[in-house]
Amino acid sequence: MAKQFEDNYHRKFYYLRLSVTDVCNFKCTYCLPDGYHPQQKKKPSFLTLEEIQRVTGAFAQCGTSKVRITGGEPSLRRDFTDIIRTVAEQPGIRKVATTTNGYRMARHVHEWREAGLTNINVSVDSLDPKMFYQITGENMFNQVMEGIDAAFDAGFEQVKVNTVLLKDLNSQQLPQFLNWIKSRPIQLRFIELMQTGEMDQLFNKHHVSGVSIRNYLIANGWVLKLKSNNDGPAQVFCHPDYQGEIGLIMPYEKDFCKSCNRLRVSALGKLHLCLFGDHGVDLRDLLQQDEQRDELIARIQGGLAEKAVSHFLDEGNTGMTPNLASIGG
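Take any residue in the sequence shown, count from 1 to its spot, add 102: that is its number in the numbering used here.
Right under this line is the structure:
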């Protein structure tokens, strides 16, 4: 194995978030409120299966053990099952995860599991169908719930559910959510709304800290779990009376970036060192032939020399990502 990917602050990178499309069929208020529109007039050319194999192979050779396949909505790719299989076949990759809006899960999650998917995250921003529609712009609540049930039927021991915290919308629904996970092995992850380049008004209106939820959990007997080296940024709490768990992702907390272990590659083949970085390192020209791997690894490692110690959100820095779908947020 080549040398582990590491930055100037001695952070090692075990986790790759790989976007395979920036197309999405939902219109979530915090991400693509006007729906998906290509940045260029012509249809973008997303990473091919061969390019995906080469980039994940390079990361695996340098110590990456977990790949999350993201979008946009990754299941919109017709070859999505083949993508899962390609990633799962890379030596050294032990976890193959995806984040999905769930609308295709009921029909396809069994084949995803058979192809090698080990972990699945589903976005569910409300358990109230009307509010789900208000936030996502799509009336697909029942289909998503059926998809979660299908994931358990397919053999997933746990399903992670992502919920973006929105003040005056879903932030008051904690009792409903807790009741939902009491007898289900769901890790419910509350994600603080993040300020991206075009969302100042929404952020100011709806941002709420996860600290109050954390305080509530601790006061009611929930206990913080230890992390493994390829886990994401969530603080995860468990309780003896609940089958489910609660995760909190709070990027505005001081030292959030201290344990960063993940890198991002966009659907157009750019390495992004941070979700809130304003530029990427182009890798695509080195994804055309297997013989380019050493050069590809060198470029990735060279890019890591530019990775900042923090995104500085806690100091009032505004993230410059135009929308979270563009690089697999």
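By construction, the Cβ of each residue, glycine as well, lies at the ideal position given by its N, Cα and C atoms.
query	result
Segments of 4+ residues assigned as alpha helix (DSSP H) that fall wholly inside the region 200-282	207-217, 231-238 and 243-255
Buried/exposed call for Gln-391, threshold 16 Cβ in 10 Å	exposed
Buried versus exposed, by CB contacts within 10 Å (16 or more), Val-122	buried
Beta carbon of Thr-238 nearer than 7 Å to that of Cys-130	yes
Test item: CB-CB of Gly-371 and Leu-149 under 7 Å	yes
Test item: CB-CB of Ala-160 and Arg-395 under 7 Å	yes
Same chain, Cβ closer than 6 Å to Ser-285, neighbours up to 5 away in sequence not counted	Gln-345
C-alpha gap between Glu-153 and Arg-401, whole angstroms	16 Å
His-139, DSSP secondary structure in three states	coil
First through last residue of the beta strand (DSSP E) which encompasses Glu-292	Reading off the sequence shown, one finds Phe at residue 292, where the question assumed Glu. Its beta strand (DSSP E) spans residues 288-294.
Per-residue DSSP class, three states only, for Gly-371	coil
Whether Gln-278 touches Leu-319 by CB criterion (7 Å)	no
Buried or exposed by the 16-neighbour rule on C-beta atoms within 10 Å, applied to Gln-325	Sequence check: residue 325 is Val here, not Gln. So Val-325 counts as exposed.
Ordered list of alpha helix (DSSP H) runs contained in the region 155-205, each at least 4 residues	182-190
Phe-258 versus Asn-317: straight-line alpha-carbon distance, rounded	30 Å
Exposed unless 16 or more other CB atoms sit within 10 angstroms - verdict on Phe-118	The question names Phe, yet the displayed sequence has Leu at residue 118. Counting Cβ neighbours within 10 Å, Leu-118 comes out buried, since at least 16 surround it.
Proximity of Gly-349 and Val-338 at Cβ, strictly below 7 Å	yes
Beta-carbon gap between Met-207 and Ala-252 smaller than 7 Å	yes
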